[in-house]
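Working notes for the structure below.
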Amino acid sequence: MKNTFDAIFEQAQDAFLSYKHLSGKKKAGFLNEIANGLERIKTKLIPLASSESNLPEGRITGELGRTVGQIRLFEKLIEEGSWVEATIDDGNPKRTPAPKPDIRRMLFPLGPVVVFGASNFPLAFSTAGGDTISALAAGCPVIYKAHPAHPKTSKLVAEVIKEALSVSSLPEGIFIHVEGGIPEGQELVKHPTAKAVAFTGSYYGGMALFELASQREEPIPVYAEMGSVNPVFAFKNKLEIELDNLARSYAASLTLGAGQFCTNPGLIFIPETYAKQFSQAVQSELNEVVEAPMLHEGIAKSYYAALDQFQQRQELDWIKVSEKKDLINSQPAMAKIKAKDWLKDKKFQEEVFGPFALMVVYNDEHELFQIAKKLHGQLTISIWAEEKELQDKLNLISLLEEKCGRLLFKGVPTGVEVGHAMHHGGPFPSTTDSRSTSVGSYAIKRFARPISFQDMPQSLIPEALADSNPLGIWRMVNGEIKK
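Take a look at the structure:
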C-alpha cells in the first residue's frame, strides 16, 4: 500500500547509508553549524516563538540558550567518540578445547527516526530540540513532524538545519520537515522505513503512538515522555525549620510557565500537624500570582475542564479556586485531600496540565508507605527532609527509587539540567521506556543498537574497533577500560 511519505523516507534512507559512516568530527561540525545558525537568527527567532506560544521573550531567550547548549553537549560527545561503547575481545586460535573467536562490539545508528515536536517548548523540545539533535548525533536521519502550535517558529529553525546541511555538504535527506495533523503523524509512524519514534506530550498522545508502532509488521521503539505529577514528600523537621520558604518555592515551581512543564509539582504530601499552616502559606503565595496566558486556547480549555471534574469531588477541600475561566489565561488552583481518600481512587494521580496541585494530608509514616506503594511511575520525586530524618526513612527512599527517574533531596523539580548525569525519564506511565532519557548525553543511546563483528578482517573493521585505535577513544579491551 502506497504511503504519502514514501518519497521522503526513501530520501532519508538513501542519506542514511552514507551518514551512518560519517566520522564523529564531521557530524560534530554539522551540529556546530546548527548551533551557530540559531544564534545568528535569535533576534528574529525569539519574538516569533514568543508570539506563537504566548511565552514571554525572557523565557524563550532562556530556552534558546538551553537549546544551543544541548547541541554543544552532543557536539563534544560525538567529536570525542567514546559513546559508541567499543568493546574488544581478542581471539585466541590456540585456546583449547576450542579456538576463541575475535569478537568486537559497538553501537550503530538505527536508521531514519520520526520526531514529534512538543507544544510547551517551541525550541528545546521541538525542531532542533533534544530528540532531533540526539538522533542526528547518533547518525540517524530525522523526519520531523512539526507541532501545529508554532508552525512559523518550526519552519524558521528547519531552515537553519537545512542551511547547516548545505554548508556541511551533507545530503538533504538527513533532516526533513513535515507538517500536518494526527493522520500525517500516524502515517509517519506506520511507515516501514521508520526505525524509532520520539515524542514529548500527553499520555494519550504518547500511548496512541506506542500502540500504533507495536501493531506494525516490524514493531519499533517509541520513546514517549508523557509527563507526570512529580510528587513532593514533606516531613516534619524540615517543615518546622523552613515552612515559609518551602511554600514560597513550591508555589513558584507550580506556577512557573503557567504550570505547563512536564516537571510541574502537581502533588504534595504533607503531615497532618503542618497541613493547616502549609495550606495558608501556599494560599498566600498563590493569591499573589498574576494570571498568565497558556500556550493556546485548547490547553486552557482542557485545564478548566479538568478543574471542573475535580470540583465535583466531595473528598476535596479547596485551598485556592481558579475564579476566572478565560479562553487563554489560567489562574492557579489547589485542593486538599486526606490520604485515606487519595488512596481509594487513581484519578487523583492524573496530571492536570496547568498550575493545579493536590495536597495530600497524611497521619503517619505507615500511611505514607502505603501511598508510596500506590504511586504511579513519575519523572521526578522530591523529598523534603532534614538529613537526620532521612536516616529513618531508608525503606521509603528505597521504594521511591522504584517510582521515578530523578529523585531530588533539595529544591523543586522544575528546571532540568542538561548534562551527562541527567536522567529525564521514568517508569510507566511517565514514559514508555524507563531505561531511556530525553535530556542529557545518554539520550543518544535511544537511537543506536549494538552490533558484534566476529573474526572481521582488520581492513574492513570500523575505526572505533581497529587494533590501532585511530580515534583515540576509550574502549573495553579484554575486560579493561583503556585507550
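Just so it is clear: in the sequence shown, position 19 is 19 by the UniProt record's numbering, and no numbers are missing.
C-beta: ideal position from N, C-alpha, C; glycine also.
Close Cβ partners of residue i (< 6 Å) along its chain, the five nearest in sequence each way excluded
i    : result
E365 : none
A357 : L254, G266, M334
K155 : none
T167 : Checking the sequence shown, residue 167 turns out to be Val, not Thr. The residues are E33.
T200 : A118, F125, E225
W342 : F348, V360
Neighbourhood of residue i by C-beta distance below 7 Å, restricted to the same chain and skipping five residues each side
i    : result
T263 : N230, L379, T380, P413, T414, V416
H420 : G440, S441
E187 : N3, T4, F5
G426 : S228, G377, Q378, L379, C404, G405, S434
Residue i (DSSP reduced to helix, strand or coil)
i           : result
R475        : strand
P470        : coil
M422        : coil
D433        : coil
E297        : helix
V290        : coil
T132        : helix
I176        : strand
N264        : coil
E240        : helix
E79         : helix
residue 518 : Here the chain covers residues 1 to 483 and nothing more, so residue 518 does not appear.
S228        : coil
F74         : helix
Host alpha helix (DSSP H) of residue i (start-end)
i    : result
F348 : Element bounds for F348: n/a, residue is neither H nor E.
H366 : 365 to 374
M207 : 203 to 214
Beta-carbon proximity list for residue i, same chain, < 8 Å, skipping 5 on both sides
i    : result
D6   : H191
I176 : I8, Q11, A12, P141, V142, I143, Y144
L399 : F369, A372, K373
D244 : A281
A252 : E285, V412
Burial state of residue i, where buried means 16 or more other Cβ atoms lie within 10 Å
i    : result
H147 : buried
N120 : buried
I241 : exposed
Y442 : buried
S430 : buried
S40  : What sits at residue 40 in the sequence shown is Arg, not Ser. Exposed, because fewer than 16 other Cβ atoms sit within 10 Å of the Cβ of R40.
E63  : buried
The beta strand (DSSP E) enclosing residue i, as first and last residue numbers
i    : result
E225 : 222 to 225
R105 : 103 to 109
V114 : 113 to 116
E480 : 480 to 482
Q454 : 448 to 454
TODO: Mind the definition here: the region 7 to 25 touches the region 55 to 63 only if three or more C-beta pairs lie below 8 Å; say whether that holds.
DONE: Counting C-beta pairs with one atom in each stretch, the region 7 to 25 and the region 55 to 63 have fewer than three that are closer than 8 Å, which means they do not touch.
Task: Inter-stretch contact at 8 Å, needing at least 3 Cβ pairs: the region 101 to 114 / the region 194 to 201 - done: The region 101 to 114 makes contact with the region 194 to 201: 3 or more CB pairs, one atom from each, lie closer than 8 Å.
TODO: Could you say if the region 388 to 403 and the region 299 to 319 meet the contact criterion of at least three C-beta pairs nearer than 8 Å?
DONE: no
- [ ] Would you be able to state if there are at least three C-beta pairs under 8 Å between the region 126 to 138 and the region 68 to 82?
- [x] yes
Open item on the list: Would the region 169 to 188 count as touching the region 42 to 51 if we require 3 or more Cβ pairs under 8 Å?
Closed with: Too few Cβ pairs lie closer than 8 Å, so no.
Open item on the list: Between the region 312 to 328 and the region 206 to 224, can you find at least three pairs of beta-carbon atoms closer than 8 Å?
Closed with: Touching, no, given that fewer than three Cβ pairs across the two stretches are closer than 8 Å.
Task: Cβ contact (3+ pairs, closer than 8 Å) linking the region 289 to 304 and the region 322 to 331 - done: yes
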